[in-house]
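In this note's numbering, the protein residues as written are 72 to 254. Have a look at the structure below, then the notes.
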Ligand SMILES: [Mg+2]
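Have a look at this one:
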């Protein structure tokens with residue numbers, strides 16, 4: 072499978088004031104090992120993340136690169152890797168199709184790796200993630216970390232279903248490794 076991961080609230084703790092430095096990137100327990108397990112089992116793993124903090128002028132692209140440097144290094148330390156990081160720098164008021172709930176990053180990822188929607192699964196914590204994945208026709212797993220519990224409580228419109236719900240990225244990974252998610 073091509074596994075597309077949202078970043079904030081899935082891999083690292085979500086912050087209402089954005090992750091602005093490498094130090095503010097705090098990993099959710101088990102997340103990095105879960106990515107390594109996906110790698111080991113031959114799945115491609117890419118990140119699809121909205122980073123409006125760039126469009127809002129809060130951080131630069133260079134800072135984002137440094138933040139992702141920490142992510143990739145920490146992941147390498149547990150034997151994991153990310154095949155590509157897609158990010159949408161758009162501010163909400165000038166959003167392109169790349170900013171979720173737009174599906175632009177999903178189309179880019181599927182084109183880059185030549186994967187079809189039926190072989191692609193999104194793991195995210197917000198309705199925007201689920202909407203983008205539904206638009207692109209990919210499978211969808213909601214994690215209860217980050218904003219996930221609140222998202223689950225809000226519920227999903229029928230056109231977004233089915234959505235599998237996992238406790239965290241580690242459990243979502245188990246679903247994928249066992250081929251056990253709603254389709
Ligand atoms: Mg998120």
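We treat Cβ as the ideally placed atom computed from N, Cα and C, and that holds for glycine.
### Query
Straight-line CA distance for residue 216 to residue 110?
22 angstroms
### Task
Give me the Cα-Cα distance between residue 218 and residue 140, rounded to the nearest whole angstrom.
Between the alpha carbons of residue 218 and residue 140 lies a distance of about 24 angstroms.
### Query
Do you know how far the Cα of residue 102 is from the Cα of residue 151?
11 angstroms
### Task
Could you spell out the range, first to last residue, of the beta strand (DSSP E) harbouring residue 237?
235-237
#### Entry: alpha helix (DSSP H) segments (min. 4 residues) lying fully within the segment 197-236
198-207 and 219-225
### At least 3 beta-carbon pairs within less than 8 angstroms: the segment 104-121 vs the segment 155-162
yes
### Task
Please say whether residue 214 and residue 90 have beta carbons closer to each other than 8 angstroms?
no
### Query
Count the other CB atoms within 10 Å of the CB of residue 210; is the residue buried (16 or more) or exposed (fewer)?
buried
### Query
Which residues, in chain order, sit with a beta-carbon under 7 angstroms away from any heavy atom of ligand 1?
77, 78, 79, 80, 81, 85, 195, 196, 197, 200, 217 and 218
### Helix, strand or coil at residue 139 [DSSP, three-state]
In the structure shown, residue 139 falls within a helical segment according to DSSP collapsed to helix, strand and coil.
### Message
Looking only at its chain, what residues have a beta carbon closer than 8 angstroms to the beta carbon of residue 223, apart from the 5 residues adjacent to it on each side?
### Response
213, 215 and 236
### Task
Can you grab the Cα-Cα spacing for the pair residue 130 / residue 86, in whole Å?
14 angstroms
### Task
Could you tell me which residues DSSP puts in a beta bridge with residue 121?
In the DSSP secondary-structure assignment, residue 121 is bridged to 159.
#### Entry: Selected residue, minimal CA-CA separation from residue 164, among 207, 197, 220 and 125
125
### Task
Mind checking which residues open and close the alpha helix (DSSP H) that includes residue 153?
Where residue 153 is concerned, there is no enclosing alpha helix (DSSP H), given that its DSSP letter is neither H nor E.
### Query
In or out: residue 170 buried (at least 16 other Cβ within 10 Å) or exposed?
Classification of residue 170: buried, given that the 10 Å Cβ count is 16 or more.
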